[in-house]
Structure formats: C-alpha cells, structure tokens
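Enquirer: Sharing a structure below in structure tokens format, with a few things to ask.
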Amino acid sequence: MANVGRDLASDIAGIKKATVIRSFCYQCPWNCPTEVYVRDGSVIYVKGNQNAPNNPGGTRCAKGMSSPHITRDPDRLKYPLRRSGPRGSGRFERITWDEAFSTIAEKLTQLKADHGPESVVYYYHHDPNSVFAQILLTQLYGSPNFYGHTAGCEMDRRTATLALFGHPFPVLDFSSTRYAMLWGINLFEANECLYFNHALIRAIERGCKLVVVDPNFTQTAEKAQEWVPIKPGTDSALALALCRVIIDDELHDPEFVSTACSGFEGFREHLRDKGYTPAWAEGITGIPAETIVRLAREFATTKPAIAEVFKGPGYYTNGTDASRAIYLLDAITGNVGNPGTVILKEWAPLGHPVIVPEEEMAVPEKPPLHFAMGYPVAPDLPTGLLPKAVLEGFGYPIKCVFVQCTNPVMSDPNPRRIQEMFRNLDFSVAIDVYLSETALECDLVLPEASMYERAEVRQGLWLGPQAILCQPCVPPVGESKPLYDIVKGIAQKMGWGDYFNFEKWEDWAETSVQGLPISLEELKEKGFWAGEVRYGQPEEGYPTPSGKIEIYSEVFAANGFDPYPVYTEHSVYPDEEYPLQLTSSKLSAHVNLNTQNNPYLMEIQGENWVEINPVDASKYGVRDAAYVVLESPLSSITIKAKVSEGIRPGVVSVRHGHGFGHWAMGSVAKGKGAHSNALVEIHVNPISGGNAYNECKVRVSPA
Ligand SMILES: Nc1nc2c(c(=O)[nH]1)N[C@H]1C(S)=C(S)[C@@H](COP(=O)(O)OP(=O)(O)OC[C@H]3O[C@@H](n4cnc5c(=O)[nH]c(N)nc54)[C@H](O)[C@@H]3O)O[C@H]1N2
Ligand SMILES: Nc1nc2c(c(=O)[nH]1)N[C@H]1C(S)=C(S)[C@@H](COP(=O)(O)OP(=O)(O)OC[C@H]3O[C@@H](n4cnc5c(=O)[nH]c(N)nc54)[C@H](O)[C@@H]3O)O[C@H]1N2
Ligand code: SF4
Ligand SMILES: [Mo]
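Be aware that the sequence shown starts at 22, since it is given in the numbering used here, and climbs by one per residue.
The structure is reproduced here in structure tokens:
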C-alpha cells in the first residue's frame, strides 16, 4: 500500500461521529453531489448524495472517493509566489497576498494604459467561481477576452449542438433507450454524470443494443453488442452514409422533420449530390457497406434511440461536421427531447453572485480574440492559436495571460511553443492548487483553496434543471484562498471593492440563488435543487435563427461554412517514415492532469501506456509490457506498450495524463509515465477552433 499518511482504520471508526456536509465533487467536471464526512477538522470520508438523481444509490467513482487526499497533500501550494529567477527557471519567492493583489492591480492598470484592456486574456478549465474573475475582467476592466478551455475539450461537440439545436450541452436519457450508438465516447472509462452509466447498464440489461464506434476496443466497447472499429478521423463519412440509407429507405420521422426541423429536403439532395453512399463510406471508414446499411436500418427502426458523440471525432481537424452528422441521426429519426433520447436540458435559474449596474459596465472597444483570429462560430477561444496571438498577433497585441485551473503546457499540443508564449508575455498569473508546469512559467502563482475548502453554486449536469452547492468543509490549506476572495482582493486595490462587498460566502450565494424555488438554507441542508425534466419540443421554439433544429445551419451559411455537414480529409496521415496514426483517450482512474499526485489512484494506474495491435507489434519488435520509444516529427517519448487486438492495425492509442516533469512539486507523480502531448504539433479545427490532438503520425521502436 502506498504511504498515504493516514490511518484508514481510525478514519472508518470515526465515520459514525462525523459531521456530514452536503456538497459536490470537483475532481472531474461532472460534479456529483456528495456527502462529506468531517471529523476533528479533517475530511475522513465522502460518498454520493443518495437523494440526488446524478448518482443513484449514492455511488461515486474511484477518483471522487479518493479526492479528500487533496486536503492533506503536502505538495499543495500554500502561499502566493513571485518569480525570482528567469522565466521558466522554476525559482520563486514567497510573498503576501497584499503584495500579490497590489502587483496585479498595478500591472493591469499599466497594461490597459499601454496596450488596451483587450491585451489581457483570462482562461480557466471547469471552475464556475471564475464568474467572479469574469465580472472583474469583462464588466469592470473592459477586456472581451475571458474564456474557458473548451478548445482542449468538447469544442466540436459544442459547436455542432449550438448550430443544430441552439443548445450547448445535450444530455443522455437512457431510461427507456432501446438502441444506443456511442461515437468516440468512452462512458465506462471516461465516465461523465454517473447517472448515464447506471441508466445505460440498466438499459442493456433490459435488452437495449449498444453499438460503439471507436478505433479502440474500450471498456465501453466490451459492454457493447457491436464494436465498429472505424478508421480514425472518418466519422463524418460513416454518419452521412447512415443518414443517406435512413432517408433513401424512408425510415426517417416525417412528422418530426417537417415540424421541428428546417432543411430536411435540402439535406436529402445534399446527400445524393455528394454521393455519400455506403459503398463510398466503406472505402473511407473501413466499415463494410452492408454493415452500414444494417446499422442504419436498425438505428432508425428501434426507438427510442440515442446517437451520441463526445471527444473522439473532435480529435481531428474535420471533427465539427462529424459531430453535426452524428446528431443529425437523432434529429431525422425524431430522437430528440423524448424519454430515452438525447435531451436538451433546461438550466436552473441561477443569477450572478455580484451585480454591476449596466450603466457602470465597461464597453470593450475591440472584438473578442476568437473573432480577431477568424473563428466566428467558435464557442470559446481556440487556445491552440494563443501562442500565435502572443508571438505574432491577430490584429491587436496580447500581453498578459491569467490561467486558472488549467495547465496548458501539459494539456495542449506542443508544450515548447506554449512555454515560449509564456516567456514572451509582459505579465502572467497562474491560479492553481499545485505548482503546475504552466505555473512554473508564470510571474505570479496564487494558491486556490480546494473543493473541500471553498463554496460554489453552479448548474448540475443531470437531465433536468439542477442547482448544486459546494460548501467549505475544512479550512483552506496554508494561506490558499477561494477565487471569490482572490478577486475581491484585486478589486479592492483597483477601486472596485464596493461591488465585491461580501463578508462571507453566504452573502454572494444568496444573490446567486435568488431565482431558485428554495432558500440558501434549504440548499445547504439538501446540497442540490432539481426541477422537472422537460420532455417534448420547446413551446418557444429552438434557440436557433429559424427557431427549428437546423439541419441547414443558417449560422454556418452566414459565416461561409457549408450549411450541411460534409466529409473532408483531416490534416495528418501516416507515411513511410511515421507509419502509425496516434490516437488519444483518458485513463479510467485519473482525471486529465488533476489526480496524478493522488497515491491511491497512482496505485491503481501509476503510469500511462500506448496500445498497439499485434500485427504492428511484431513488425516493429514491440513486446507487451515493455517500454517503447514513440517518435513523431516533433518529439519523442518513452512509454509502456500494451499489445492488444483491440486497436486497429496502423493505429496506436495513448492514454492522456502523467508525464515527465509533470507536477513539478508533486512528489508522488513526478517522473511517472509519459507526456503524449509532447509528440503533437498544433492543429486547430478550422470551424470550431478545437485542438486536434490526433493529427499526429508516429513510429515506434523498443526502448
Ligand atoms: N476517468 C476519467 N473520466 C473522465 C475524464 C478523465 O480524464 N478520466 N475526463 C473528463 C473530461 S474533461 C471529458 S471531456 C470526458 C471525455 O470523455 P470521452 O470523450 O468519452 O473520453 P476520451 O477518452 O477522450 O474518449 C474518446 C474516445 O474516442 C476514441 N477515438 C479516437 N479517435 C476516434 C475517431 O476517429 N473516431 C471515433 N469514433 N472515436 C475515436 C478514443 O479511442 C476514445 O475511446 O471525460 C470526463 N471523464
Ligand atoms: N492528448 C490529449 N490531450 C488532452 C486530452 C486528451 O484526452 N488527450 N484531454 C483534453 C481535455 S478533454 C481537457 S478537458 C483538457 C483539460 O486540461 P486542463 O484545462 O489543463 O485541465 P485539467 O487537466 O483538468 O487541470 C489542470 C490544472 O488544474 C489544477 N486544479 C485542480 N483543481 C483545482 C482547483 O480547485 N483550483 C485551481 N485553481 N486549480 C485546480 C491542477 O492542479 C492542474 O494544474 O485536456 C485536454 N488535453
Ligand atoms: S464522476 Fe467526477 S464528479 Fe463524480 S465522483 Fe467521479 S470524479 Fe467526482
Ligand atoms: Mo474535457
């Protein structure tokens, strides 16, 4: 057993006398409501909130179960730090919060005077308290450049669902599904809302057919009745051919496409004009034409059904139209908004925690950076192009970057280029719980309190409208602070303290929850509020330009993109020198780059690996469980090999997470596994702006 510095037996004995606080988990973005057991100022146990629909029976995953470690990890950041050596040297000195706030206020004031407020960019991964920074930066300071890190994540899916449904995040109601087709989504390893997993398993037990479209035989494929081992980066061809068969065979839902959708007849013509037949798709995808015809007929005639996509197709530069074409399978068969189908969830009526009167709001003079970059339909910043924005410019200078809860040096392609970007900024700030590789590049590093040490109110990701509350359970580690107090400190130095005049978190939380049908006190007691799931078509129409599900996308047409989805080739294909296509996916026992310093999880998955087919293994002299060198035109890594029939020949699949230098201050993770993004050159999706992580060819040899 790893040395985790805890006496587990006494923790278990202490559970009965513990105080239970209802909160939610922040280990991954799916935020399961939880019950946190606290005794003597320490989190001793955590389980799912049994009353919440997100995690039936109070279940949680291993990452969530082990997450209390974050409250006692000796490697946590404890104090604000200022760089004391050259950029990237990793030398820092401890400073006070007052010094940190004054430095930031002075720099922001100077940057605005010298280069304009738009020269400051802030981006974060999944942290809703970032709304405090958003209000400061956009409404008071006047920069339009406040962003999330969707470009590293579901950017193609989101671009597709916004174009088609006007909705950013459809969810999956597997309650009565009879046919589920999952494309590039590995629910049983990269789990999302645990409700999805439970409901899908129950559906399979009741006879639902699960089809998994993935070049990799994942643990989700293991539970499927059919695995469709598609050639990487060809999903749009397969999905469009499936649509073609459904429409040619008149198996679509005529009532639904005429009342709820726009552009159906044009789509029929489009599929014929382009010659998107099963025979054509066979040549591109490697899936036999007769299989395509059979899958199309099964999907369209077994209702309710779900076709769903997550990251897989979005790992390539042609991924946006693949995602659109996959959701079109749902749309043309009427599998949208009904029990057992894809649901366009409603949101809880949450308000901002801090209100700036409209007449006092700053008005940005320059367009947001994604417009300046030429990405008008991107739902977020194409972060792959941020180094170019800093080093070469897109119409106006970018001089300062704030990163919060994101580690782009590890999670975006081409770490050297990102380091170069940070080394060429006038000023940079990282807000993190560890001294990450990105924090190492920054001028200031601010320690944020962890999910057990702060409050948050946010949208839950269950099927219906849902508000969830995170409550502080134990005091912050060292001098770390929640983001609302960090932003308040900066605001006070900038003369905006009156807007952030809360004394305790309940003061701003009251403002956030005003529109909910329950009080903050009740929310504290229950941990969540959930409304009814809305089925059927929205009475007010869909939030798209036509008010319909746009099979013909008016937004795409207006911005010069093909209004109907098309198949195009992606950017990088294997060749003689680099004969293998690199693909990427998640580790089941880790979350991205969040958990590699957790000794419990490292005991389960202490390093990442690359999967390779036996045909390629024997060709290149690779043995199972031995280390290999993976080399791309950009760089090389040494990583453990897993020889497996469950990957297409010509393709290798690497698990994301871990890596050399990773967690510079994290003694558990340091040096474990390999950093796959070191191999990947920057390729940005031309429509969505997402990172195309799989645009990478490699060769392999024994280490
Ligand atoms: N355990 C765990 N759970 C997680 C996370 C984690 O890191 N670990 N991360 C969370 C986050 S931030 C997210 S965004 C979600 C991601 O959830 P998923 O998107 O389900 O996760 P990935 O592992 O990226 O799965 C992508 C799948 O696409 C496949 N794929 C690769 N290329 C292609 C292709 O060309 N076509 C098709 N059809 N498939 C392809 C890969 O083999 C892989 O199985 O998971 C969340 N949950
Ligand atoms: N090759 C490849 N690359 C990928 C992926 C892949 O599958 N393959 N997955 C992609 C996906 S889906 C995503 S979402 C991105 C995610 O990549 P990132 O946006 O970098 O996000 P994470 O890896 O979740 O978190 C990184 C940082 O958040 C810090 N952190 C954790 N908790 C807190 C907190 O409470 N407060 C603060 N301030 N910081 C905290 C961690 O210490 C860490 O430094 O990576 C993407 N990159
Ligand atoms: S699924 Fe995500 S939010 Fe839920 S318990 Fe696991 S890590 Fe936490
Ligand atoms: Mo993600």
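Think of the CB as a built atom: it goes at the ideal place given N, C-alpha and C, for glycine as much as any other residue.
#1: Can you tell me whether P493 is buried or exposed? The criterion is at least 16 other CB atoms within 10 Å of its CB, across all chains shown.
#2: Measuring straight from C-alpha to C-alpha, what distance separates A317 and E271?
#3: Starting from the N-terminal side, write out each stretch of the beta strand (DSSP E) that is 3 residues or longer and does not extend beyond the region 201-278.
#4: Looking at ligand 3, does it come within less than 6 Å of G85, judged from the CB to the closest heavy atom?
#5: Ligand 4 and C49: does any heavy atom of the ligand fall closer than 6 Å to the residue's C-beta?
#6: With 16 other CB atoms within 10 Å as the buried threshold, where does F479 fall?
#7: Taking the beta carbon of A34 as the centre, do at least 16 other beta carbons fall within 10 Å, making it buried, or is it exposed?
#8: What's the C-alpha gap between V576 and P397?
#9: Is the separation between the beta-carbon of T341 and that of I708 shorter than 7 Å?
#10: Let me make sure I understand the geometry here. Which of P334, K545, Y621 has the alpha-carbon closest to that of T589?
#11: Per DSSP, what are the beta-bridge partners of S722 in this structure?
#12: Which ranges would you report for the alpha helix (DSSP H) in the region 154-207 if only whole runs of at least 4 residues count?
#13: So, at 7 Å on beta carbons, what are the nonlocal neighbours of C53 in its own chain, with the 5 sequence-adjacent residues on each side left out?
#14: Quick check: does the Cβ of C214 come within less than 6 Å of any heavy atom belonging to ligand 4?
#15: Secondary structure at D96, three-state DSSP: helix, strand or coil?
#16: Just to confirm before moving on: does the CB-CB distance between G711 and D177 stay below 7 Å?
#17: How far does the beta strand (DSSP E) with R60 in it reach, from first residue to last?
#18: Quick check: the Cα distance between I91 and H188, rounded to an integer number of angstroms?
#19: Quick check on the burial criterion: 16 or more other C-beta atoms within 10 angstroms. Buried or exposed for V719?
#20: May I ask you to list the residues that DSSP assigns as paired with E571?
#21: Between the alpha carbons of I376 and D269, how many angstroms are there, rounded?
#22: Using DSSP bridges, identify the partner residues of A662.
#23: Could you check what DSSP says for A23 in three-state terms: helix, strand or coil?
#24: Classify G581 as buried or exposed, calling it buried when 16 or more other Cβ atoms lie within 10 Å of its own Cβ.
#25: Does the pairing of the region 520-540 with the region 116-131 give three or more beta-carbon distances under 8 Å?
#26: If you measure from the CB of I489, is any heavy atom of ligand 2 nearer than 6 Å?
#27: Can you tell me where the alpha helix (DSSP H) with W51 in it begins and where it stops?
#28: If you run the structure through DSSP and keep just helix, strand and coil, what is G69?
#29: Which residue comes first and which comes last in the beta strand (DSSP E) that contains D453?
#30: Express the C-alpha separation of G485 and H373 in angstroms, rounding to a whole number.
#31: So the candidates are F238, Y348, F423, A126; which of them puts its Cα closest to the Cα of P250?
#32: Excluding the 5 residues flanking A155 on each side, which residues of the same chain have their C-beta closer than 6 Å to its C-beta?
#33: The beta strand (DSSP E) with W550 in it runs from where to where?
#34: Put Y714 into one of helix, strand or coil per three-state DSSP.
#35: Determine the contact status of T604 and V672, defining contact as a CB-CB distance below 7 Å.
#36: Do you know offhand how far T40's Cα is from F288's?
Expert: The answer reads as follows:
#1: In the sequence shown, residue 493 corresponds to position 472, counting from 1. Result: buried.
#2: As a first step, residue 317 is located in the sequence shown; it is residue number 296 there, counting from the start. As a first step, residue 271 is located in the sequence shown; it is residue number 250 there, counting from the start. The straight-line gap from Cα to Cα measures roughly 11 Å.
#3: 230-234, 247-249
#4: Against the sequence shown, residue 85 aligns to sequence position 64. Yes, ligand 3 has a heavy atom inside 6 Å of this Cβ.
#5: The count along the sequence shown starts at 1 and reaches residue 49 at position 28. It does not: the Cβ of C49 is nowhere closer than 6 Å to a heavy atom of ligand 4.
#6: Start at 1 with the first residue of the sequence shown, and residue 479 comes out as number 458. This sequence places Arg at residue 479; Phe is not what is there. By the neighbour-count rule (16 or more Cβ atoms within 10 Å), R479 is buried.
#7: As a position in the sequence shown, residue 34 is number 13, starting the count at 1. Exposed.
#8: Indexing the sequence shown from 1 puts residue 576 at position 555. Indexing the sequence shown from 1 puts residue 397 at position 376. If you take the alpha carbons of V576 and P397, they lie about 9 Å apart.
#9: Looking up residue 341 in the sequence shown gives position 320. Looking up residue 708 in the sequence shown gives position 687. Yes, Cβ-Cβ distance for T341 and I708 is below 7 Å.
#10: Mapped onto the sequence shown, residue 589 falls at position 568. The shortest C-alpha separation from T589 is found at P334.
#11: In the sequence shown, residue 722 corresponds to position 701, counting from 1. Note: S722 sits in a beta bridge opposite V650.
#12: 176-186
#13: Mapped onto the sequence shown, residue 53 falls at position 32. If we look at C53 and ignore the five residues flanking it on each side, its Cβ neighbours are F45, C46, G69, N75, N76, R81, G85, L215.
#14: By one-based count along the sequence shown, residue 214 stands at place 193. Result no, Cβ not under 6 Å from ligand 4.
#15: In the sequence shown, residue 96 corresponds to position 75, counting from 1. DSSP places D96 in coil when its eight states are reduced to three.
#16: Start at 1 with the first residue of the sequence shown, and residue 711 comes out as number 690. Start at 1 with the first residue of the sequence shown, and residue 177 comes out as number 156. For G711 and D177, yes; Cβs fall inside 7 Å.
#17: Locating residue 60 in the sequence shown gives position 39, where the first residue counts as 1. From DSSP, the beta strand (DSSP E) with R60 extends over 54-60.
#18: Locating residue 91 in the sequence shown gives position 70, where the first residue counts as 1. Locating residue 188 in the sequence shown gives position 167, where the first residue counts as 1. Straight-line Cα distance between these residues: approximately 34 Å.
#19: Mapped onto the sequence shown, residue 719 falls at position 698. By the neighbour-count rule (16 or more Cβ atoms within 10 Å), V719 is buried.
#20: Locating residue 571 in the sequence shown gives position 550, counting from the first residue. The partner list for E571 (beta bridge, DSSP) reads S283.
#21: As a first step, residue 376 must be located in the sequence shown, where it is residue number 355. As a first step, residue 269 must be located in the sequence shown, where it is residue number 248. Using only the alpha carbons, I get a separation of about 54 Å.
#22: Your numbering for residue 662 matches position 641 in the sequence shown. Beta-bridge pairing links A662 to V631.
#23: Numbered from its first residue, the sequence shown carries residue 23 at position 2. Its pLDDT being 47, under 50, A23 is placed unreliably by the model, and the measurement read from it follows with that caveat. Coil.
#24: Position 560 of the sequence shown, counted from the first residue, corresponds to residue 581. It is exposed - the Cβ of G581 has fewer than 16 other Cβ atoms within 10 Å.
#25: no
#26: Here residue 489 is taken as the residue at index 468 of the sequence shown, counted from 1. Because no heavy atom of ligand 2 lies under 6 Å away, the Cβ of I489 does not count as near it: no.
#27: Locating residue 51 in the sequence shown gives position 30, counting from the first residue. Here W51 belongs to no alpha helix (DSSP H), and DSSP marks it neither H nor E.
#28: Residue 69 sits at position 48 when you count from the first residue of the sequence shown. Three-state DSSP puts G69 in a strand.
#29: What you label residue 453 is simply residue 432 of the sequence shown in a count that begins at 1. Here the beta strand (DSSP E) through D453 covers 448-453.
#30: Locating residue 373 in the sequence shown gives position 352, counting from the first residue. Locating residue 485 in the sequence shown gives position 464, counting from the first residue. Approximately 20 Å, taken between the alpha carbons.
#31: Counting from one through the sequence shown, the residue named residue 250 turns up at place 229. Measuring from the Cα of P250, the nearest candidate turns out to be F238.
#32: Numbered from its first residue, the sequence shown carries residue 155 at position 134. It is worth fixing the name first, because residue 155 is Gln in this sequence and not Ala. F167.
#33: Along the sequence shown, one-based indexing puts residue 550 at 529. Residues 549-551.
#34: Position 693 of the sequence shown, counted from the first residue, corresponds to residue 714. In this structure, Y714 counts as coil in the three-state DSSP scheme.
#35: For this step, residue 604 is matched to residue 583 along the sequence shown. For this step, residue 672 is matched to residue 651 along the sequence shown. The answer is yes: Cβ separation under 7 Å.
#36: Residue numbering aside, residue 40 sits at position 19 when the sequence shown is read from its first letter. Residue numbering aside, residue 288 sits at position 267 when the sequence shown is read from its first letter. Using only the alpha carbons, I get a separation of about 58 Å.
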